[in-house]
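Protein chains in written order, with the working numbering: chain A, 1 to 275; chain B, 1001 to 1257.
Note that CB positions come from ideal geometry on N, CA and C, so glycine has one too.
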């Protein structure tokens, strides 16, 4: 090995690699303005149309973390923030399938850094983009009079967004390893995104679901997305929901481990190919 | 093992060493006991028809797959046990385009530098030199999507050399290019080998890209059918050109030379 190459594999080089991957993901995001706009339009449609319509018909009683009655659009805002991250995680997954088909994924995986580090860096890059989208949404929601009890809520929500973004991004990465072609991605929409979103506490509190269907309430309680929503909801209200934090952190670690195994050269996705 | 180059010496490890490599997809054998070496500072050609096993071999050489059996060494580093060191010595040009079309040439180079742990200043310095060398200094700030196929290939070659590897692997780099672009790319890589002492393994199914003095490995149905300097292979098989050898050995499935 040349001396130059040896120096480049030291501890600091891991940071250089991470920064480079995050920077590239950010640039791609900025160059694809339509992606940014569509990421915002989706939750805004829910907030301005769906929530406005249900505001008068759907009452939300006082449940933690809320200490007073809140309007329905205040209730669903954390769910919509989580939805942004869910879609972003799946968008990253889609772009990984695209990159794999187009070949640019190969360049990433021929880097000398360990594969777990490359995948983690890619995951962090996706989370950074999803946090930007979430704050852009919260800014618009602020103009709609949806705000936390104190401006500190915008700070305390940040770690919650990081952890939930990691979980949803890692899930997307894991799913991308199981999708052979872009055409199969529609199945992810039908079988992952919609069930995860609707069978959660994003749109209605679990006690209401329990009244309507105990079986569905059980499914919602088993859905990790529910805990991502609650983690964000509590953090926006300057509180920590420890159970949600534990579930979301555990799922993030498990999904990432699964993705690292799936992309392992010994057994993963590329081994199923031919040529 | 089939020695492709007689020039390898004891103290300098071969640029690439492939030994008893086999790989299967289920019951289908893609590579069967493949062995060859590429000596330092040489231009070697891996010749094979579509389906010969070139892509599988290329994927194993670049660590996308792990070899089921056998061994790959790059500059003496075992790809299975020292993959980081082996990959640090390796530059790769894949058959499919791998540049990010949304980014400029400069941005693509910066991203590649980061993937090899290079700081921005070092990357920019080397990028300027390499992009100028492949004749695209004016296009440094152009979006990749605005470049022609031949220009993209040139950028990919410059990018493969960014971290100063001592071996570059090129998987059918002239696929889809016109005659002039093909000749230009081939000449560029030959010049890199001659001037910089880099080794190159050039994968192709086009026999007109081979010269008599090139080292050749002919792969067919996952097995090495012939290996050595092109003129030696033709002499050994009693044929006039490497195209005849290719036709006889590969197409007819004849014995290894």
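With three or more CB-CB distances shorter than 8 Å, the stretch 1073-1092 of chain B counts as touching the stretch 102-121 of chain A. A straight-line Cα-Cα distance of about 30 Å links residue 1047 of chain B and residue 1109 of chain B.
Between residue 196 of chain A and residue 86 of chain A the beta-carbon gap is near 6 Å, inside 8 Å, which marks them as a contact. Residue 1053 of chain B carries a coil assignment under DSSP once its states are collapsed to helix, strand and coil. For the stretch 1010-1025 of chain B, the set of positions with a beta-carbon nearer than 7 Å to some beta-carbon of chain A reads 1025 in chain order.
Listed along chain A are 24, 28 and 104, each with a C-beta nearer than 8 Å to that of residue 1100 of chain B. In the three-state DSSP reduction, residue 1248 of chain B falls in the helix class (H, G or I). Here DSSP, grouped into helix, strand and coil, assigns residue 1104 of chain B to strand.
Taking residue 222 of chain A as reference, the option from A:152, A:199 and A:162 with the minimal CA-CA separation is A:199.
Between residue 1016 of chain B and residue 1199 of chain B, the C-beta spacing is below 9 Å. No Cβ-Cβ contact shorter than 9 Å links residue 169 of chain A with residue 212 of chain A. The beta carbon of residue 1187 of chain B does not come within 9 Å of any beta carbon belonging to chain A, so the residue lies off that interface.
Assignment of residue 1184 of chain B by DSSP, reduced to helix, strand and coil, places it in the helix class.
Residue 1033 of chain B carries a strand assignment under DSSP once its states are collapsed to helix, strand and coil.
Annotation for residue 1044 of chain B: the continuous beta strand (DSSP E) segment containing it runs 1043-1048.
Look at the stretch 1054-1073 of chain B: the residues with a C-beta under 7 Å from a C-beta of chain A are 1055, 1056, 1059, 1062, 1063, 1064, 1065 and 1066.
Residue 1191 of chain B is classed as exposed because its beta carbon has fewer than 16 other beta carbons within 10 Å across all chains shown.
Counting along the chain, the unbroken alpha helix (DSSP H) around residue 196 of chain A starts and ends at 194-198.
Within chain B, the residues placing a beta-carbon under 8 Å from that of residue 32 of chain A are 1102, ordered along the chain. When Cβ-Cβ separations below 9 Å define contact, residue 118 of chain A makes contact with chain B.
Of B:1119, B:1038 and B:1065, the smallest CA-CA separation from residue 16 of chain A is found for B:1119. As computed with DSSP, residue 1077 of chain B is found in a beta bridge with B:1074. Rounded to whole angstroms, the separation of the alpha carbons of residue 1189 of chain B and residue 97 of chain A is 31 Å. Within the DSSP secondary-structure output, residue 1228 of chain B pairs in a beta bridge with B:1216.
With a 10 Å radius around the Cβ and a threshold of 16 neighbouring Cβ atoms, residue 1138 of chain B comes out exposed.
Per the DSSP secondary-structure output, residue 98 of chain A pairs with nothing in a beta bridge. Looking at the DSSP output, residue 1171 of chain B sits in a beta bridge with B:1203. Per DSSP, the beta-bridge partners of residue 1025 of chain B are B:1028.
For residue 1090 of chain B, the enclosing beta strand (DSSP E) has its first and last residue at 1090-1093.
As the crow flies, the alpha-carbon of residue 1127 of chain B is around 20 Å from that of residue 1149 of chain B. Under the three-pair Cβ rule at 8 Å, the stretch 1170-1185 of chain B counts as touching the stretch 1088-1104 of chain B. In the DSSP secondary-structure assignment, residue 1017 of chain B is bridged to B:1037 and B:1073.
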